[in-house]
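First comes the structure, then the notes that go with it.
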Amino acid sequence: MDNIVPVVMAGGSGTRLWPLSRKSYPKQFLKLHGDKTMLQETIERLNGLQTLPSVIIANEGHRFLAAEQLLAEGFHHSGIILEPMGKNTAPAVALAAFHILKCHGDQLMLVLAADHLIEDRDAFTKSVNSAVEYAKQGSLVTFGIVPNQPETGYGYIKRGKACENAYEIDEFVEKPYLSLAEQYLESGEYYWNSGMFMFKASKFLEELKVYQPEIYETCKKAYENSEQDLDFIRISDSDFAPCPEDSIDYAVMENTSDGKVVPMDAGWNDIGAWSSLWEVAEKCENGNHIKGDVISHNTKDSLLHSSSRLIATVGVKDLVVIESSDAVLIADKSEVQNVKAIVDQLKKEKRSEFNFHRHVYRPWGIYDSIGNGHRYQVKSITVKPGAKLSVQMHHHRAEHWIVVKGTAKVTVNNETFLVSENESTYIPIGAVHALENPGKVPLELIEVQSGAYLGEDDIVRFEDRYGRVPA
């Protein structure tokens, strides 16, 4: 057993980074710090380690995002495990452990979150390598972040007896109030709880079976009844649903007598709020981090992020201004932890801004809702070369398609034909139809929908190459 199998948990929601992070497109799939997404950066920082291809754990709804972002960077993987619903980290890692035992044997698992930032990759690699021997010997290792401030937003780990490059775990402690956090920092005996781990697959399952047998048995059954679909391992919904929700910390680490903590001082940040991004981002001489189309005057210590329109600021300080195509967030930098309250309100009111961006990504391409009114909606649609939308029909709307770039292969009922640039076609209500890009360049078209109901749930799919037709 000389190799490590990274297990990358990519199922978070990142609600405090709204409006860029949405339910359908959360922060781990965004380019927040650099020219790669956080998922891609997580995989890339493994280059200094001796690893087998990673196992990715993702939500069903994010499966194509995860697969495409790995493919874009040429990253090989050992499978993308799809959780039918979130059950916290202990069940997710249990599924990964069963998968690793089946595919690779009893290897070491390096459990990572896809939405953490680590600036010093050499220090990260050194800490991980320090954990290898302990994990091989049967320890369950967690990585404790060396604190640089009295942080009240993280849990802590108190170190115990010293080992070489590691410590026994004395105790896990919850998020402290400020004065207690100051004491932790001063003592030098406490680390931030990073949520990163290393252990043998068999060892984790053994401990889970002892301390949380219901999670163990439920995940074992759900994995055994899983199905392989392209790159995806689809976990049985009915078998996984009864699984208790629990974290690795609560389920195993706080109970085991074989726990170790390895210190890590690598510029770690979980980017849990916009203020966290401001802290690690490059800033101008006025302390501002600016991205996109921004003009600022007499503005200091602010985060200004434009996605599609001009942001102009005058005479402000300590603000977060985040502009997206359908929403703008303006917050005091000290209050950004409360962005979740906005997201909760959007969810309660069932507003689209909770779930989707105006740009919606699909496995075949992307669409942008560019206009709507009473009984009509206009979309700009881009279909990737070789891609095909599902064979479908609508009960309540008709559609007009105008091709502006490329060539469309269109099927309406039993007739198939090509539509070229500057040509259009009409899809009546109730017609079974399909759209395909047979060419080598992206297909771009304008779609005009008209009818009594224009919701995305007015789609009846008959065939779909992306597995979206119910069995």
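Taking numbering that gives the first Met the number 0, the leading residue of the sequence shown gets 0, the next gets one more, and so forth. Quick reminder that beta carbons are idealized off the backbone N, C-alpha and C, glycines included.
Between Asn354 and Ser20, the C-beta gap is not smaller than 8 angstroms, which leaves the two residues out of contact.
Asn413 sits away from Ala430, with the two beta carbons spaced by 8 angstroms or more. With a minimum length of 3 residues, the unbroken runs of beta strand (DSSP E) contained wholly in the segment 346-384 fall at 358-361, 364-372, 375-382. In this structure, Phe198 places its C-beta atom within 8 angstroms of the C-beta atom of Ala134. In this structure, DSSP gives Gln448 an extended state, which the three-state scheme calls strand. Contact between Asp257 and Gly143 fails: their C-beta atoms lie close to 16 angstroms from each other, not under 8 angstroms. Taken atom to atom, the span from the alpha-carbon of Asn254 to that of Tyr210 is near 7 angstroms.
Under the DSSP assignment, Phe239 falls in the alpha helix (DSSP H) whose first and last residues are 236-239. In this structure, Lys439 lies away from Pro362, with their beta-carbon atoms at least 8 angstroms apart.
Of all alpha-carbon atoms in Leu309, Leu303, Ser323, the one lying nearest the alpha-carbon of Val315 is that of Leu303.
Ser274 places its beta carbon 8 angstroms or farther from that of Lys339. Shown here for Ser368: same chain residues with a beta carbon closer than 7 angstroms to its own, the five before and five after excluded, namely Arg357, Gln376, Lys378 in chain order. If the five residues before and after Gly11 are omitted, its C-beta is found closer than 8 angstroms to the C-beta atoms of Pro25, Lys26, Gln27, Ala112, Ala113, Asp114, all from its own chain and listed in chain order.
With at least 16 other beta carbons inside 10 angstroms of its own, Lys86 counts as buried. By the neighbour-count definition (other C-beta atoms within 10 Å, threshold 16), Pro5 is a buried residue.
Ala161 is bridged by DSSP to Tyr166. In the three-state scheme derived from DSSP, where H, G and I count as helix and E and B as strand, Ile42 is classed as helix.
Val172 is positioned such that its CB atom lies closer than 8 angstroms to that of Gly154. Distance between Lys30 and Gln68, taken at the CA atoms: about 11 angstroms. Approximately 6 angstroms separates the beta-carbon atoms of Asp245 and Ile214; this is inside 8 angstroms, confirming the contact. By the C-beta density criterion, Lys160 is exposed, having fewer than 16 other C-beta atoms within 10 angstroms. CA-to-CA, the gap between Val251 and Ser301 works out to about 41 angstroms. Using a Cβ distance threshold of 8 angstroms, Ile80 and Leu100 do not count as a contacting pair. Secondary structure at Ala407: strand, using DSSP grouped into helix, strand and coil.
Your pair Phe97 and Lys219 checks out as a contact, with CB atoms roughly 6 angstroms apart and the cut at 8 angstroms.
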